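Enquirer: Have a look at this one.
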Amino acid sequence: ARATDDALAAARLLRGAGATALLLDTSPQPAPSAAALAEALGARYLPLPHAGAAAMSQAVRLAGG
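Start counting the sequence shown at 440; every next residue gets the next number (this note's numbering).
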């Protein structure tokens, strides 16, 4: 619980500093905790179950515009 609170607090600080982020969730099932972290960060949340390097690279390229 403490680690989750710390991660969310850090995410809010990054968001407040104007950071732009993309959160790639590569867990076997989309994780609600990852979605909550993305929300706190102001990041786009993209679940990619079992994604390899090629899929993640493509997602980052597409997200970048």
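All C-beta atoms in this analysis are idealised placements derived from N, C-alpha and C, irrespective of residue type, glycine included.
All figures in this text were calculated on a predicted structure; none of them were measured in a lab.
At 3 residues or longer, what runs of the beta strand (DSSP E) sit wholly inside the stretch 446-500?
Expert: DSSP runs (the beta strand (DSSP E)) wholly in the stretch 446-500: 461-464 and 483-486.
Enquirer: Got a sec: does the ligand PLP put a non-hydrogen atom nearer than 7 Å to the Cβ of G457?
Expert: What this structure holds is no ligand at all, so the ligand PLP is not there to describe.
Enquirer: Taking the CB atoms as reference points, tell me whether L501 and A482 lie closer together than 8 Å.
Expert: Numbered from its first residue, the sequence shown carries residue 501 at position 62. Numbered from its first residue, the sequence shown carries residue 482 at position 43. Cβ distance not < 8 Å, so L501 and A482 don't count as in contact.
Enquirer: In this structure, how does DSSP classify A440 when only helix, strand and coil are distinguished?
Expert: Here the question's residue 440 lines up with position 1 in the sequence shown. Here A440 sits in coil by DSSP.
Enquirer: Using a 10 Å radius around the Cβ and a threshold of 16 neighbouring Cβ atoms, would you call L485 buried or exposed?
Expert: Residue 485 sits at position 46 when you count from the first residue of the sequence shown. Label assigned to L485: buried.
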